[in-house]
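> Using mature numbering (1 follows the signal peptide of the UniProt record, and there is no 0), the letters of the sequence shown map in sequence onto residues -18 to -1, 1 to 243. Beta carbons are placed, not taken as given, at the ideal position from N, Cα and C, and that holds for glycine. Note that the structure is a prediction, hence the values are computed from the model and not measured. Can you read through this structure? Questions will come right after.
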Amino acid sequence: MTVGLKHLVAGTALAAMAAVPVLAEKASELTYINGSYGRDAESQLRERGFAHVSTHKNDSGYVYSYWWDEGDDDCVNVEVYDGRVMTINDASDQDCGHHKGNAGAAVAAVAGAAILGALLSHKSHHHDDNRHHDNRNDEAHYERGYQDGLHNAAYHNYDRSDAYSNGYSAGVNERNANLRHHHGHGGYRQVAQFKDLQGARAAGGMSQLERRGFRQVDNFTSGNTRYSIQWRRESRQCVQVTIADGRFYDIRDIGQHPNCR
């Protein structure tokens, strides 16, 4: 399966930033793929003349894919969660890398030529309201923030722009989602998986941690929430588990704890 729709994803229509021809196939004509598996939806879109453009993840488990129909000059955005298509919506030409108007000139003027190699690489779904900024300067600031956050650059909001700040947060979110497989440890020492236990039932999750070499070194409660500190000496992983309503509400490597030794 291609990277395109293994985890397809979508956002909201952006008619304000794209001129879609009258004959273009609208997302409303493609809603029959909703609920289908990503691989099946991918085949359907390709049969209708769409080509995959890009795929983006977020740390909530959603994946957003953008598809372009060259013949109809049309861009759609598909949202997938847990392997199934949730929604499909119209997107702007800009989201599929086909920039019209003076958007590129605005970015060049505000953000500088260096950013044009990945011109407006953030997509509509990165914005909280699923819409690009109408103000070109704000859009350019958002893009610069997104690039800095995505590539783990230092926060540098020299314009004191809310758009930059929001873009930086969106970039960090996607970077974290793309690195969910990484445990934050370098070198050659093998580490144990644990992030897959997020949301697991407490009893089963604890058994899994024990089988993977962890042992509990501290345990405390606060209100209705229980916290367990788990230590794996072989890989020097110190993991905190937050348990609420009988499930692993959160699990993360905290690096160190007085009892992790």
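Measuring only the C-alpha atoms, how far is Met68 from His38?
Each residue's Cα considered, the two are about 15 Å apart.
> Could you check whether Ala226 and Thr207 sit closer than 8 Å to each other, using their CB atoms as the reference points?
Yes, the Cβ-Cβ distance between Thr207 and Ala226 is below 8 Å.
> With distance defined between alpha-carbon atoms, name the residue in Asn119, Gln26, Gly43 and Ser10 nearest to Ala159.
Comparing Cα positions, the closest option is Gly43.
> Among the candidates Tyr209, Ala122, Lys105 and Arg214, whose CA atom is the shortest distance from the CA of residue 264?
Because the chain is modelled from -18 through 243, residue 264 falls outside the range shown and cannot be assessed.
> Three-state secondary structure (DSSP) at Gln76?
Here Gln76 sits in helix by DSSP.
> Take Asn117 as the anchor and find which of Asp144, Gln129 and Asn134 has the nearest alpha-carbon.
Ranking Asp144, Gln129 and Asn134 by Cα distance to Asn117 puts Asp144 first.
> Going straight from the alpha carbon of Glu61 to that of Phe32, what length do you get?
Between Glu61 and Phe32, the C-alpha separation is close to 15 Å.
> Quick one, are the C-beta atoms of Tyr140 and Tyr150 less than 8 Å apart?
It is not a contact, given that the beta carbons lie outside the stated cut-off.
> DSSP on Arg197, reduced to helix/strand/coil?
It is a strand residue.
> Among Arg218, Pro240, Ser217 and Gln198, which has the Cα closest to the Cα of Thr224?
For Thr224, the nearest C-alpha among the options comes from Gln198.
> What residue does the beta strand (DSSP E) around His123 start on, and which one ends it?
From DSSP, His123 is part of no beta strand (DSSP E) but of the alpha helix (DSSP H) over Arg118 to Leu132.
> Among Glu11, Phe176 and Gly65, which one has its Cα closest to the Cα of Val58?
The residue with the shortest Cα to Cα distance from Val58 is Glu11.
> Determine whether the beta carbon atoms of Gly17 and Gly65 lie at a separation below 8 Å.
Against a cut-off of 8 Å, the Cβ pair of Gly65 and Gly17 comes out as no contact.
> Using DSSP bridges, identify the partner residues of Ser210.
The partner list for Ser210 (beta bridge, DSSP) reads Asn201 and Val223.
> Inspect the beta-carbon positions of Arg157 and Gly131 and report whether they are closer than 8 Å.
The answer is yes: Cβ separation under 8 Å.
> To which residues of the same chain is Asp120 closer than 6 Å at the C-beta, ignoring the five residues directly before and after it?
So the list reads Ala145, once near-sequence residues are dropped.
> What did DSSP end up calling Glu216 once you bin it into helix, strand or coil?
If DSSP states are grouped into helix, strand and coil, Glu216 belongs with coil.
> Is it right to say Leu161 is buried, meaning 16 or more other beta carbons lie within 10 angstroms of its own, or is it exposed?
With fewer than 16 Cβ atoms within 10 Å of its Cβ, Leu161 is classed as exposed.
> Out of Arg194, Arg234, Asn40 and Ser189, which has the shortest C-alpha to C-alpha gap to Tyr209?
Of the listed residues, the one whose Cα sits closest to Tyr209 is Arg234.
> Going by CA-CA distance only, name the one from Gln172, Arg142 and His133 that's closest to Asn155.
Taking only the C-alpha atoms, the option nearest Asn155 is His133.
> For the alpha helix (DSSP H) containing Tyr14, name the first residue and the last one.
Here Tyr14 belongs to no alpha helix (DSSP H), and DSSP marks it neither H nor E.
> In the structure shown, what three-state DSSP assignment does Lys8 receive?
Lys8 falls in the coil class under three-state DSSP.
> With which residues is Val58 paired in a DSSP beta bridge?
For Val58, which the question treats as bridged, DSSP gives the partners Asp72.
> Going by DSSP, what residue range makes up the beta strand (DSSP E) through Ser47?
Start and end: Tyr44 to Asp51.
> Excluding the 5 residues flanking Leu27 on each side, which residues of the same chain have their C-beta closer than 6 Å to its C-beta?
Trp49.
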